[in-house]
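**Q** The structure under discussion is supplied below as structure tokens; questions concerning it will follow.
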Amino acid sequence: MPDLPAERVKLGLPFLFTGLDYFGPLYVNEMTLEKRWVCLFTCLTIRAIHMEVVTDLTAQECLLAIRRFVAVRGLPQLILSDNATQFKLTADVLTSDYCIQNNVRWKFIPELAPWFGGFYERLIGLVKHSMKRTLDKHTINHNQLCTVIKELEAVINTRPLTTVGTELEHVLTPTDCLRIGGPVVAQISDRDFLESATATKSNLIEGWKRGQSILLEFTKMFNNQYLTSLRERHDRHRQPRTVVARAPRLSEIVQIKSDSSRAHWKVGRIVELIKGSDGEIRVAKVKLPNGDTLTRSIGHLFPLELDDHDNTVTLKDPTLTEDQTTENNQTSEQEEIATDANKRPSRASAVKAREKVKEWTAQLMINLFEQ
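Quick note on this note's numbering: the sequence shown kicks off at 4 and runs consecutively.
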């Protein structure tokens with residue numbers, strides 16, 4: 004496996020190296036149903052996102068979205084995108100003078116190779132699925148969509164990435180790298196201003212409740228989709244790409260699911276993996292920062308997004324609780340079994356079809372020899 008590109012690991016300001024892509028359309032109610040798209044910027048280093056709503060897929064709208072992004076996040080050194088028409092035209096406009104003067108480089112991934120943009124495609128897939136299922140149940144206007152998009156952006160940027168320090172005293176999120184301290188809340192103390200708003204109080208409350216309902220629904224759906232995806236790893240260099248089960252490892256840092264909100268989930272280190280009578284791992288012991296040890300099923304343990312290990316381990320890997328010497332003495336037969344376990348299982352109909360083909364072939368050969 005080659006090393007990661009320099010822009011993925013180079014120290015710098017947030018969004019100095021940025022991935023760019025669109026998803027949509029989403030529908031808003033402006034007297035009639037109209038389409039909107041979301042321009043998603045992804046920081047290659049800290050995995051934070053920034054979203055802007057656009058009204059169409061023209062290069063002009065793309066350029067305006069980039070200008071709004073630069074005004075908030077700063078000027079990137081590298082923009083990485085696919086080969087969409089609006090990106091090509093926008094790049095031509097920017098690279099003429101603006102990019103040269105500001106040392107901005109626009110790079111396109113190879114055509115018909117979307118996996119080169121996998122670092123943002125994964126986030127887009129999770130956001131798109133959760134957002135569509137959420138907004139399909141609600142009819143909102145353009146302004147409400149812009150507000151919801153920014154609230155969802157804040158939710159996604161608070162997802163845990165990794166831990167800081169050996170004692171697990173803090174879980175690092177993209178927001179920690181974007182700003183220091185909590186959000187700024189404006190305090191309105193003007194009595195005249197507050198009293199003048201009483202005429203639209205009911206409408207304001209109704210709109211606020213509606214926005215909160217959408218935000219809570221999306222947050223719940225995104226968390227479920229995102230946490231589930233952390234347990235999966237995609238096989239490399241396979242077509243089609245398959246997903247293998249992701250088992251916990253000894254000394255791995257994990258989040259422990261509880262009834263409280265995700266922001267208050269405990270973080271611990273796995274100190275023991277317990278096998279059942281059938282050899283499957285279903286329970287693990289996790290040590291907390293205060294020294295306490297909890298016993299939890301692996302269904303309640305979620306790995307962090309940034310993992311120290313790149314190797315994929317399947318649930319049937321016999322080396323999880325054995326000594327390292329056992330791993331070194333595995334036979335080639337065991338390795339073949341482990342390789343087969345990573346393959347996508349065949350459908351029952353496909354298996355039956357192959358058996359039928361074998362029977363017909365055998366019968367054909369018999370008939371030929373009898374003649």
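Quick reminder that beta carbons are idealized off the backbone N, C-alpha and C, glycines included.
On the DSSP bridge list, what partners appear for Leu297?
**A** Residue mapping note: residue 297 aligns to position 294 of the sequence shown, counting from 1. In DSSP, Leu297 forms a bridge with Val289.
**Q** Relative to the C-alpha of Leu297, which candidate in Arg272, Leu92, Glu283, Gly282 has its C-alpha closest?
**A** As a working mapping, residue 297 is identified with position 294 in the sequence shown. Per the Cα distances, Arg272.
**Q** Which of the three DSSP states, helix, strand or coil, is assigned to Lys269?
**A** Start at 1 with the first residue of the sequence shown, and residue 269 comes out as number 266. In the structure shown, Lys269 sits in a strand (DSSP, three-state: E or B).
**Q** I need the straight-line Cα distance from Glu156 to Trp40, nearest angstrom please.
**A** Residue 156 sits at position 153 when you count from the first residue of the sequence shown. Residue 40 sits at position 37 when you count from the first residue of the sequence shown. If I take the Cα positions, the gap works out to 15 angstroms.
**Q** Leaving out five residues on either side along the sequence, give the residues of the same chain with a beta carbon under 6 angstroms from the beta carbon of Ile82.
**A** Taking the first residue of the sequence shown as position 1, residue 82 is located at position 79. So the list reads Thr21, Leu23, Trp109, once near-sequence residues are dropped.
**Q** Give every residue of the same chain whose Cβ lies closer than 8 angstroms to the Cβ of Leu385, excluding the five residues on either side of it in the sequence, and list them in chain order.
**A** Absent from the model: residue 385. The displayed extent of the chain is 4 to 374, so no value can be given.
**Q** Should Asn160 and Thr142 be called a contact, given that it needs their Cβ atoms to be closer than 8 angstroms?
**A** Position 157 of the sequence shown holds residue 160. Position 139 of the sequence shown holds residue 142. No; because the gap between Cβ atoms is not below 8 angstroms, this pair is not in contact.
**Q** What residue range does the alpha helix (DSSP H) around Arg108 cover?
**A** Locating residue 108 in the sequence shown gives position 105, where the first residue counts as 1. Careful: Arg108 lies outside any alpha helix (DSSP H), inside the beta strand (DSSP E) at 108 to 111.
**Q** Could you pull out every residue in the same chain whose Cβ sits closer than 6 angstroms to the Cβ of Cys65, ignoring the five residues on either side in sequence?
**A** Position 62 of the sequence shown, counting from 1, holds the residue named residue 65. Taken in chain order, the residues that qualify are Gln89, Thr93.
**Q** Give the DSSP-derived three-state secondary structure of Gly302 in the structure shown.
**A** Within the sequence shown, numbered from 1, the residue matching residue 302 stands at position 299. Looking at Gly302 - three-state DSSP - the assignment turns out to be helix.
**Q** Val73 to Leu16, Cα distance in whole Å?
**A** Start at 1 with the first residue of the sequence shown, and residue 73 comes out as number 70. Start at 1 with the first residue of the sequence shown, and residue 16 comes out as number 13. The straight-line gap from Cα to Cα measures roughly 13 angstroms.
**Q** Relative to the alpha-carbon of Asn105, which residue among Phe111, Ile112, Leu97 has its alpha-carbon at the smallest distance?
**A** Here residue 105 is taken as the residue at index 102 of the sequence shown, counted from 1. Selected option, being the one with the closest Cα: Leu97.
**Q** Note down the Cα distance separating His303 from Lys91, rounded to an integer number of angstroms.
**A** Counted from its first residue, the sequence shown places residue 303 at position 300. Counted from its first residue, the sequence shown places residue 91 at position 88. One C-alpha to the other measures close to 45 angstroms.
**Q** With DSSP as the reference, label Phe20 as helix, strand or coil.
**A** The residue you call residue 20 lines up with position 17 of the sequence shown. It is a strand residue.
**Q** In whole angstroms, what separates the C-alpha of Ile256 from that of Ile277?
**A** Taking the first residue of the sequence shown as 1, we reach residue 256 at position 253. Taking the first residue of the sequence shown as 1, we reach residue 277 at position 274. Distance between the alpha carbons of Ile256 and Ile277 is about 17 angstroms.
**Q** Per DSSP, which one or two residues make a beta bridge with Met54?
**A** Here residue 54 refers to the residue found at position 51 when the sequence shown is read from its first residue. For Met54, which the question treats as bridged, DSSP gives the partners Leu43.
**Q** Look up Gln258 in the DSSP assignment and give the residues it is bridged to.
**A** Within the sequence shown, residue 258 is the residue found at index 255, counting from 1. The partner list for Gln258 (beta bridge, DSSP) reads Val270, Phe305.
**Q** How long is the line joining the alpha carbons of Asn144 and Asn32, rounded to whole angstroms?
**A** One-based indexing of the sequence shown puts residue 144 at position 141. One-based indexing of the sequence shown puts residue 32 at position 29. Distance between the alpha carbons of Asn144 and Asn32: 5 angstroms.
**Q** Under the rule that 16 or more other beta-carbon atoms within 10 Å means buried, what is Lys269, buried or exposed?
**A** As a position in the sequence shown, residue 269 is number 266, starting the count at 1. Buried is the call here.
**Q** Alpha carbon to alpha carbon, how far is Gln63 from Pro292?
**A** As a working note, residue 63 is residue 60 in the sequence shown. As a working note, residue 292 is residue 289 in the sequence shown. Computed Cα separation, rounded: 51 angstroms.
**Q** Starting from the C-beta of Ile127, find all residues in its chain whose C-beta is less than 7 angstroms away, skip the five residues before and the five after it, and write them out in chain order.
**A** Taking the sequence shown and counting its residues from 1, the one referred to as residue 127 is at position 124. The answer, listed in chain order, is Asp24, Phe26, Leu43.
**Q** Let me confirm a value: Pro79 is counted as buried when at least 16 other C-beta atoms fall within 10 Å, else exposed. Which label applies?
**A** In the sequence shown, counting from the first residue as 1, residue 79 sits at position 76. It is buried - the Cβ of Pro79 has at least 16 other Cβ atoms within 10 Å.
**Q** Taking the alpha helix (DSSP H) that Ile82 belongs to, which residues open and close that run?
**A** Counted from its first residue, the sequence shown places residue 82 at position 79. Counting along the chain, Ile82 falls outside any alpha helix (DSSP H), though it belongs to the beta strand (DSSP E) covering 81 to 84.
**Q** Give a yes or no on whether the C-beta atoms belonging to Ala51 and Cys180 are separated by under 8 angstroms.
**A** As a position in the sequence shown, residue 51 is number 48, starting the count at 1. As a position in the sequence shown, residue 180 is number 177, starting the count at 1. Yes; because the gap between Cβ atoms is below 8 angstroms, this pair is in contact.
**Q** So, is Val57 buried or exposed, given that buried needs 16 or more other C-beta atoms within 10 angstroms?
**A** The residue labelled residue 57 in the question sits at position 54 within the sequence shown. Val57 should be labelled buried.
**Q** Who does Lys278 pair with in a DSSP beta bridge?
**A** For the purposes of this step, residue 278 is taken as residue 275 along the sequence shown, with counting starting at 1. Ile284, per the DSSP bridge assignment.
**Q** Could you name the residues of the same chain whose beta carbon sits closer than 7 angstroms to that of Ala287, not counting the 5 residues immediately before and after it, in chain order?
**A** By 1-based counting over the sequence shown, the position of residue 287 is 284. Counting only Cβ-Cβ distances below 7 angstroms, and skipping sequence neighbours, we find Pro251, Ile273, Glu275, Leu276, Ile277, Arg299, Ile301, Leu304.
**Q** Which two residues bound the contiguous alpha helix (DSSP H) that contains Ala74?
**A** To locate residue 74, count along the sequence shown from 1; it is residue 71. Looking at the DSSP string, the run of the alpha helix (DSSP H) that includes Ala74 is 62 to 76.
**Q** With burial defined as no fewer than 16 other Cβ atoms inside 10 Å of the residue's Cβ, what is the status of Met34: buried or exposed?
**A** In the sequence shown, the residue the question calls residue 34 occupies position 31. Exposed: under 16 other Cβ atoms inside 10 Å.
**Q** Below 6 angstroms CB to CB, which residues in the same chain sit around Phe18 once its five sequence neighbours on both sides are set aside?
**A** One-based indexing of the sequence shown puts residue 18 at position 15. Once the five neighbours on either side are set aside, the close Cβ partners of Phe18 are Cys46, Arg76, Pro79.
**Q** Could you name the residues of the same chain whose beta carbon sits closer than 7 angstroms to that of Ile152, not counting the 5 residues immediately before and after it, in chain order?
**A** Within the sequence shown, numbered from 1, the residue matching residue 152 stands at position 149. Only Val41, Met54, Val56 meet the Cβ criterion.
**Q** Looking at the unbroken alpha helix (DSSP H) that takes in Ile152, where does it start and where does it end?
**A** Position 149 of the sequence shown, counting from 1, holds the residue named residue 152. 145 to 159 is the extent of the alpha helix (DSSP H) around Ile152.
**Q** Given this structure, state the Cα-to-Cα distance separating Pro306 from Ser280, to the nearest angstrom.
**A** Here residue 306 is taken as the residue at index 303 of the sequence shown, counted from 1. Here residue 280 is taken as the residue at index 277 of the sequence shown, counted from 1. Roughly 25 angstroms separates the two Cα atoms.
**Q** Let's see if you can read the secondary structure: which residues bound the alpha helix (DSSP H) around Thr178?
**A** As a first step, residue 178 is located in the sequence shown; it is residue number 175 there, counting from the start. Per DSSP, Thr178 belongs to the alpha helix (DSSP H) from 177 to 181.
**Q** Where does Thr93 fall in DSSP's three states?
**A** Here residue 93 refers to the residue found at position 90 of the sequence shown. The answer is helix: DSSP assigns Thr93 an H, G or I state.
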